[in-house]
Every structure is written in C-alpha cells, then in structure tokens.
Amino acid sequence: MSTAALIVAAGRGSRAGGELPKQWQVVAGQPVARWTLLALSHLPRIVLVIHPDDRDFAENAARGLPVALVLGGADRAASVRAGLEALSDDPPQLVLIHDVARPCIDRVTIDAVETALRDAPGAAPALPVTDALWTGADGVVTGTRDRQGLFRAQTPQGFRFADILDAHRRNAGDAADDVAVARAAGMTVAIVPGSEQNLKITGPEDFSRAARILETGMDIRLGNGFDVHAFEPGDHVTLCGIQVPHDRALKGHSDADVGLHAITDAIYGALAQGDIGRHFPPSDPQWKGAASDIFLRHAVDLAREMGFGISNVDLTLICERPKIGPHAPAMIARVAAIMALDESRVSIKATTSERLGFTGREEGIAALATVALVRA
Ligand SMILES: Nc1ccn([C@@H]2O[C@H](COP(=O)(O)OP(=O)(O)OP(=O)(O)O)[C@@H](O)[C@H]2O)c(=O)n1
Ligand SMILES: C[C@](O)(CO)[C@H](O)COP(=O)(O)O
C-alpha cells in the first residue's frame, strides 16, 4: 500500500505564545516542525501544509527531506483539504494526517494506525480518559460525568485516501479533526492505542514537556576533525569559504580550505563514515582546485540522509597570521549558509601556538573542529 503523510502546519499557534508560530520554535535543538517531519520521514511522500508567510521557516525545517510544501487555509479543515487536493494529482492509497504540533509522535503509534487501515477505512490513536470528569461554574463543581467510553483524540489520523478526500470535499466549514469529517461522511474509524508522549504543543508549558520527551529518545553523536595545510607562495588563503589576503597561499589538491576540511571530517567522524579522503580521494583529478564547500555539503547531506540534524559546530584555526578575528563574522555567515544552520550554531575562533611548532614558525595553518549531531 502506498502511504503519504499530510502534516498540517498552517496555524498561528496563538495559545503557545512566543515570537514565532509554535511549529517554527526550537525545542531540543531543532524546530518543532523538523522533529515532526523526521518522525514521519520513513514514509515515501510528505506534504507539509503551511501559511503563506512561513515558506522560509518551512524550507529550513524540511531541508534534505522529500517534502512538498502546500499553502493552507483559514482553519484546520481547510488546510487538510488543501493538502489532500495537492496529493490527488497522484493519489496514494492511504494518508496519515498529522498535526505539526505533535513532534513526539513515535513509530509504534504511526505503524498501529497504518496497520489498522487494512481492516477499516479510518483509524486514529486515542487514550481512554482515566481521571474523573466534572462540570464546573464560577470555580465550583456543579456535577460529575461518566468517563466510561470517553477518549482523548490524537493524530496521526489515517484514512483510505479516496474516502477522506471525498469526505473533506463534502464537509462544509471547520471540524475538530479528520475523524469528525470522516464520521460525518459515514466512515467507520477504528481506535488504536495512543501514547501519553504524543502531546500536542498547545500552551507555553508544553514546550518543556516536549523537550524532555525528545531529549530522552535522542541519539547524540560528537565528531572531531583535524587538518593541516602548508604554506606556498601566493597572495591569499581560503579559510571557511572566505578569501583572506595574505603574503602566502595554502598548498593542497583542492582549494586547501583547512577550516572547511576539519568541519567536514568532524561530520564524517560523528557518522562513523571515514574521512574526507575516502569520499573525495586526492588521487581523483576532478577535485583539483575544487571549492571545499562541495565536501562540506556532501557531509551535511549524508548526515541528513542518515536522519541526523546538526546541532552546532565549533572550529579553532591555529596560526600566527593572517589574523582571523576581522574575518570571523564573514566566515561564520558562510559556514552557516553552506550547512543551512542558524549562525548562532556556528562558532569560529582562532589561536596562535605562541610561536611554537610548525604553526608558530608560520609553515602552515592547522584547524580543529567539533560537531554535534542529533537524531530523535
Ligand atoms: N488554519 C489552520 C489552523 C491550524 N492548522 C494546524 O492544525 C493543527 C492543530 O491546531 P492547533 O494546535 O489548534 O494549532 P494552531 O491553530 O496553530 O494553534 P492556536 O489555536 O493556539 O492558534 C496544527 O498543526 C496547526 O498548524 C492548520 O494547518 N491550518
Ligand atoms: C486534531 C487534534 O489534534 C486532535 O486532538 C485536535 O483536535 C486539534 O487541535 P485543537 O487544539 O483542538 O484545535
């Protein structure tokens, strides 16, 4: 069965507060939407429904993943409808409709919904209500309600695609969720076990709850990279993608960007995927004089293919000259752009070796990098 994920992310998150809609705020090192996309990234097709103002945030959250962006509507039902219509050009057999605001969704729950669709046209996770239920007014309990047979609804809510598309086309106005739309169209919806961890970020206090859950399930990898290039005659060096005037150049098969090479090696190291020489052999003439951002982009793409986000990078350049400080802001901007990271996650600093050793004798430049990769 072909299954697509439809993630609705066009809401404004007004109850959650903050300067950005909740789905673009960072939790446990990554935007909420990135966590949600990664959780569903085993599915072959993902549609992310967004507000027209949010395209840049969405592209950042979806980087490296096969995600189609679709513009949403004024309410949740309109956004779901827009996503379904976008999928209808090449319809999948099943669709899992998920709130972007539920980033802690786990694979067991996703698979349970998909499996239940073998026997029912709709299926959704839910948790039975276990607390006693009251009615209240003016701060006083006015009655009790029977909790028997009551459930707390979650997403992803899964459906046979043709049925839910038809149900949404016939639905007028907003609806609490897609189960309501499906039931109004006469579809049977099976309940599968939900998860306490699959909370929806709704109010400000939910960010820290989600962070605790995401951090517990994290796979954190650290990698280090070290590189050295010797000086040769020339009039500039290329460091972290920036041409820095100098009375010598760095010698190498590529552009000899010692800084980018160290960062690239740190990423390969964190992934246990060898080093830059394994992926780009110096014996291969096509890398002669190559700009080293090619190598760094490859390492970043490999990390994302393996399901890792890059949390931060810290680079130290070791040389007496040229002075790095004046160029550091441009270097940070360039490395952040190559790695598609926020500049606040890139540190580039320099030290001399107090005139000791080969860097002290100004025979070359050394670079030492550390990166942290995170997978949910
Ligand atoms: N016009 C809308 C409104 C909501 N949603 C999505 O529907 C889900 C559930 O909605 P909710 O948690 O209520 O999100 P918001 O509408 O963003 O929050 P609020 O009501 O606090 O503004 C969210 O993933 C939200 O992005 C959407 O895609 N389009
Ligand atoms: C779809 C849903 O997540 C089910 O719990 C929920 O109905 C959507 O969010 P809202 O807070 O009810 O708008």
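Residue numbering for the sequence shown follows the working numbering, beginning at 5 and increasing consecutively. By construction, the Cβ of each residue, glycine as well, lies at the ideal position given by its N, Cα and C atoms. No experiment lies behind these values; they were computed from the predicted model shown.
For residue 199, the distance from the CB to the nearest heavy atom of ligand 1 is not below 7 Å.
Cβ contact annotation for residue 41 (same chain, cutoff 8 Å, sequence separation greater than five): 11, 50, 52, 65, 66, 69, 71, in chain order.
Residue 76 has its Cβ nearer than 7 Å to a heavy atom of ligand 1. Pairwise C-beta distances place the segment 85-98 in contact with the segment 163-180, as three or more of them are shorter than 8 Å. For residue 193, no alpha helix (DSSP H) segment is defined; the enclosing uninterrupted segment is the beta strand (DSSP E) at 193-197. Closest in alpha carbon position to residue 113, among 141, 93, 196, is 196.
Bounds of the alpha helix (DSSP H) holding residue 183 are 182-188. Taking C-beta separations shorter than 8 Å and ignoring five residues to either side along the sequence, the partners of residue 140 in its chain run 146, following chain order. The shortest C-alpha to C-alpha distance from residue 80 to any of 94, 101, 73, 60 is the one to 101.
Within the segment 49-93, the complete alpha helix (DSSP H) segments at least 4 residues long are 59-65, 80-91, listed from N- to C-terminus. Distance from residue 19 to residue 207 at the Cβ level is roughly 6 Å; contact confirmed, criterion being Cβ atoms closer than 8 Å. Contact check for residue 47 against residue 9 passes: the beta carbons are separated by less than 8 Å. Between residue 371 and residue 231, the gap from beta carbon to beta carbon is short of 8 Å. Annotation for residue 317: the continuous beta strand (DSSP E) segment containing it runs 313-322. Taking the Cβ of residue 249 as the reference point, every heavy atom of ligand 1 lies at 7 Å or farther away.
The segment 213-223 makes no contact with the segment 238-247: fewer than 3 CB pairs, one atom from each, lie closer than 8 Å.
Excluding the 5 residues flanking it on each side, residue 311 has same chain C-beta neighbours closer than 6 Å at 379, in chain order. Ligand 1 never approaches residue 303 closely enough for any of its heavy atoms to be under 7 Å from the residue's Cβ.
Non-local beta-carbon contacts of residue 259 in its own chain, meaning distances under 6 Å to residues more than five positions away in sequence, involve 242, 295, 296 in chain order. The Cβ-Cβ distance between residue 328 and residue 321 falls below 8 Å. Of all alpha-carbon atoms in 326, 344, 138, 83, the one lying nearest the alpha-carbon of residue 248 is that of 326. Annotated three-state conformation of residue 325 is coil, per DSSP. DSSP, reduced to helix, strand and coil, places residue 27 within a helical segment of the structure shown.
In this structure, the C-beta of residue 12 approaches ligand 1 to less than 7 Å from one of its heavy atoms. In the three-state scheme derived from DSSP, where H, G and I count as helix and E and B as strand, residue 129 is classed as strand. Rounded to the nearest angstrom, the Cβ distance from residue 156 to residue 133 is 6 Å, consistent with a contact under 8 Å. DSSP assignment within the segment 271-307 yields the following whole alpha helix (DSSP H) runs of 4 residues or more, N-terminal first: 280-283. Sequence-distant Cβ neighbours of residue 233 in its own chain, meaning closer than 7 Å and more than five residues away, are 254, 255, 256, 260, 262, 368, 369. Between residue 153 and residue 375 a beta carbon distance of about 51 Å is seen, past the 8 Å cut, so the two are scored as non-contacting.
For residue 333, no beta strand (DSSP E) run applies; the uninterrupted alpha helix (DSSP H) run containing it begins and ends at 332-343, by DSSP.
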